[in-house]
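> Protein chains in written order, with the working numbering: chain A, 52 to 423; chain B, -4 to 285. For glycine and all other residues, C-beta sits at the position ideal for the given N, C-alpha and C.
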Amino acid sequence: MDERNEQLNEDLEKDVCDTPVQEVEQEVEKADLHNEGIDGENEQAPVVEEKAEEKPEAKPKKKKAIARKDMTLAQWTWHEMKRNKVAYLMILPFMLVFILFTVFPVGLSLVLSFTNFNMLSFDSDMWIWFDNYLRLFFEDDIFLLACKNTLVFAMVTGPVSYILSFLVAWFINELPPRVRALVTLVFYAPSISGAVYTIWGVLFSNDSYGWVNGTLMDLGILDAPVLWFYDENYAMPLCIVVALWMSLGTAFLSFIAGLQTIDKSLFEAAAVDGIKNRWQELWYITLPMMRPQLMFGAVMAITSSFGFGGVVTALCGFPSVNYSCHTIMHCLDDYGNQRWEVGYASAIAFVLFLIMIGANTLVNKMLSKVGQ
Amino acid sequence: MQKMRVRNHQVVLNRSVGGDAGIFFFLAIMGIFMFLPMVYVVVQSLKPLDELWMFPPKFYVSKPTFKNFMDLFTLLSDSWVPFSRYIFNTVLITAAGTFGNLVLSSLAAYAVSKIPFPGRKGVFWIIQRSLMFTSTVTAIANFLTLSRLGLMDNPLAIIIPAWGSTMGLYLMKQFMDSSISDAVLESARLDGCSEFRTFWTIAMPMVKPAWLTLIIYSFQGLWNTGASAYIYSEQWKTLNYAITQITAGGIARAGASAAGSVVMMIVPILVFVVSQSNIIETMASSGMKD
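1. For the segment 82 to 95 of chain B, which residues have a CB atom closer than 7 angstroms to at least one CB atom of chain A, in sequence order?
2. So for Arg390/A, helix, strand or coil by DSSP?
3. Could you give the distance in angstroms between the alpha-carbon of Ile214/A and the alpha-carbon of Val414/A?
4. Between Pro29/A and chain B, is there a C-beta pair that is closer than 9 angstroms?
5. May I have the straight-line CA-CA distance separating Thr123/A from Lys133/A, to the nearest angstrom?
6. Among the residues of its own chain, which have a CB less than 8 angstroms from the CB of Leu317/A, if the five just before and after it don't count?
7. Val76/B by DSSP, collapsed to three states: which one?
8. Considering Cα atoms alone, identify which of Trp158/B, Met283/B and Phe21/B is closest to Phe145/A.
9. If you count every other CB in all the chains shown that lies within 10 Å of the CB of Phe188/A, and 16 or more means buried, which is it?
10. Using the Cα positions of Ser256/B and Ser281/B, report the straight-line distance between them to the nearest angstrom.
11. Spell out whether any CB of chain A is found under 9 angstroms from the CB atom of Arg300/B.
12. Using beta-carbon positions only, say whether Val362/A and Ala294/A come within less than 9 angstroms of one another.
13. Short of 9 angstroms Cβ to Cβ, which residues in the segment 43 to 77 of chain B face chain A?
14. Find the residues of chain A that neighbour Phe170/B, judging by a C-beta separation of less than 9 angstroms, and give them in chain order.
15. Here's the rule I'm using: 16 or more other beta-carbon atoms within 10 Å means buried, otherwise exposed. How should Trp262/A be labelled?
16. Do Leu267/A and Val253/A count as a contact pair if the criterion is CB distance below 9 angstroms?
17. Determine the burial state of Met346/A: buried for a count of at least 16 other Cβ atoms within 10 Å of its Cβ, exposed for fewer.
18. Whole angstroms are fine: how far does the CA of Gln215/B sit from the CA of Arg329/A?
19. Please compile the residues from chain A whose C-beta is within a distance smaller than 7 angstroms of the C-beta of Tyr105/B.
20. Are the beta-carbon atoms belonging to Ser213/B and Thr93/B less than 9 angstroms from one another?
21. Going by CA-CA distance only, name the one from Leu403/A, Ala352/A, Val247/A and Tyr285/A that's closest to Val262/B.
22. Based on DSSP bridge pairs, tell me the residues matched to Arg0/B.
23. Starting from Met380/A, follow the alpha helix (DSSP H) in both directions and report where the run begins and ends.
24. Using the three-state DSSP reduction, which class does Trp48/B fall into: helix, strand or coil?
25. Give the single residue among His377/A, Val203/A and Ala349/A whose Cα lies nearest to the Cα of Gly360/A.
26. So what does Trp180/A bridge to, in DSSP terms?
27. Tell me which residues of the segment 202 to 220 of chain A have at least one Cβ-Cβ distance to chain B shorter than 9 angstroms, keeping chain order.
28. Phe357/A: buried (16+ other C-beta within 10 angstroms of its C-beta) or exposed?
29. Tell me the rounded alpha-carbon separation between Ile313/A and Thr131/B.
30. In three-state terms, what does DSSP make of Thr287/B?
31. Can you name the residues that DSSP bridges to Thr123/A?
32. Could you pull out every residue in the same chain whose Cβ sits closer than 6 angstroms to the Cβ of Ala352/A, ignoring the five residues on either side in sequence?
33. Buried or exposed: His381/A, going by 16 or more other Cβ atoms within 10 Å of its Cβ?
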């Protein structure tokens, strides 16, 4: 893509230098047409006309185009950088904020994870190198339990929500547009409704006024209310259910959109070629055509499957009963925001970062092999 | 040809009646599972006190009342920070954060998508990687940064980091890749249009669905901003935080807390209903290529 663009620019630059004025004006007319094509309104036109008048004066300033082969790679890069310097201006404000609040914190976490910094003292013997990591993996039983919980949580919610998002998107794809829009809303709404998931705490409340307890007791199935979110046996599975309930998010929308872009004639051709049912159609046509969306959806599903700490805290309390739902996020909160052991918390944050990036990279590698 | 069938006045291929029925059944079950909790919140918010504490609890309301919504107002105005202040804070954070994110991201998305500057692959690579981890990872380091910058207990501590959110940028860049042809931009450049002007008068009008999507993503995130470690004085707390406090209030406030949830959820849902077709259009190009 890049090479092609560079080539294109190079050619165009040559064009500018070599084209006589009349031809430039022809080009301008073409551009004019283009513009009207885009907007369908004439408000664009005056801008371009005004520009067209300026053009002949601006022309002599242009230097002779330099070809790629005349220069070393470094010279060429420098030349390209100068030529496109406006691009750096355009990304600068975003990159400043992005680097300061997203890239730099990851680096800072890594550095701080080698210290025992605690917000109070800054002294020379704060460098304890790998002690934090040794403590994490060999002494901190709660962290190891949290790792296990996080992985169980992510390995269930990630794939299940991913498959569910795809299946629902695929199933509703053939509905009439209005119905599809309505069904999309029903499935997507839980993921954007903020703290509405707390209603699960009401449904599964631990007294007899909770809907589940109340109904089961009324039917005579239960004698006494079950503690649900405060019971080791139920807390984790229930949290997974809630997580799945609100997991049809960005990936789901991406799948819906991707399915609509597939060329319908492919399916007709496939039917002629002997595709017998919808599952074969899915396997041989739909999935291969959807690969970019499937990769993007995977990233979304994995990232959100690691990010459910807040939901667990709201439903099970903090810490959850016997740490049955304690995740790495909770360890982080515990050491970072409550005990202020910033060095140790940074080590946890960095481990979490590595796990998330690792899981994403691994799954993307796997998906990019599908159908190749 | 047995595999052809007429459904809904259209000929469809490879769709058996049994399969359609099975799928309908699956969607119905799933739909009920998704929808019932949402219905229950609304039902709870309309129940009078005696129905809230009735055994066995009902999934419907016999004497609906808006008293819970009134209570929500009273409870919130009883606190020493007026209710309107929480709304103001949330609106301020949402508006300022979304606007900044829109301006910064669309400029950057245009540059990365349409200007072949050296390093743009690297920039996009790192942006893609940033989609792969959540902000929990950066929270502690950001606490240090923000306190060093003197932004603690200031709404800017939430607004400024939101400007650097990458989701909108990623979607917009992908959408620009697929929906703006290079030829159109080249002809504008040949006419001597500056890069900023090309961006503003040509590229931006062509990607309306993408910036609507960006606005909605940013909006959803910021609207649901709750208790934050960066803000501790009451007069800068958000609406979501205030409503969470009521929920935490327990038994007496069960109705008001359901009313609060309804208030919080209604806005993002309405916004999505209005913009759904644009979001879907943007999402069509969301795929990752490598």
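The structure says:
1. So the list is empty, because no residue satisfies the distance condition.
2. coil
3. The straight-line gap from Cα to Cα measures roughly 14 angstroms.
4. Look at the range of chain A in this structure, 52 to 423, and you will see that residue 29/A is not part of it.
5. Answer to the nearest angstrom: the Cα atoms are 15 angstroms apart.
6. Ile336 and Met340
7. DSSP places Val76/B outside both helix and strand once states are collapsed to three, so it counts as coil.
8. Trp158/B
9. exposed
10. 31 angstroms
11. The structure shown has nothing for residue 300/B, since chain B only spans -4 to 285.
12. Contact check for Val362/A against Ala294/A passes: the beta carbons are separated by less than 9 angstroms.
13. Leu47, Trp48, Met49, Phe50, Pro51, Pro52, Lys53 and Phe54
14. Ordered by position in chain A, no residue passes the 9 angstroms Cβ test against Phe170/B, which lies about 11 angstroms from the chain.
15. Trp262/A should be labelled buried.
16. no
17. Around the CB of Met346/A, 16 or more other CB atoms lie within 10 Å, so the residue is classed as buried.
18. 36 angstroms
19. The contacting residues are Met141.
20. Yes, the pair counts as a contact, with Cβ atoms nearer than the cut-off.
21. Val247/A
22. According to DSSP, which records beta bridges pairwise, Arg0/B is partnered with Val7/B.
23. Per DSSP, the continuous alpha helix (DSSP H) segment holding Met380/A begins and ends at Ile379 to Asp384.
24. coil
25. His377/A
26. Answer is none; Trp180/A lacks a bridge partner.
27. Leu215, Leu218 and Val219
28. buried
29. 37 angstroms
30. With chain B covering only -4 through 285, there is no way to say anything about residue 287/B.
31. For Thr123/A, which the question treats as bridged, DSSP gives no partner whatsoever.
32. Scanning its chain for C-beta atoms nearer than 6 angstroms, with the 5 sequence neighbours on each side dropped, one finds around Ala352/A the residues Gly209, Ser212, Tyr213 and Ala302, in chain order.
33. buried
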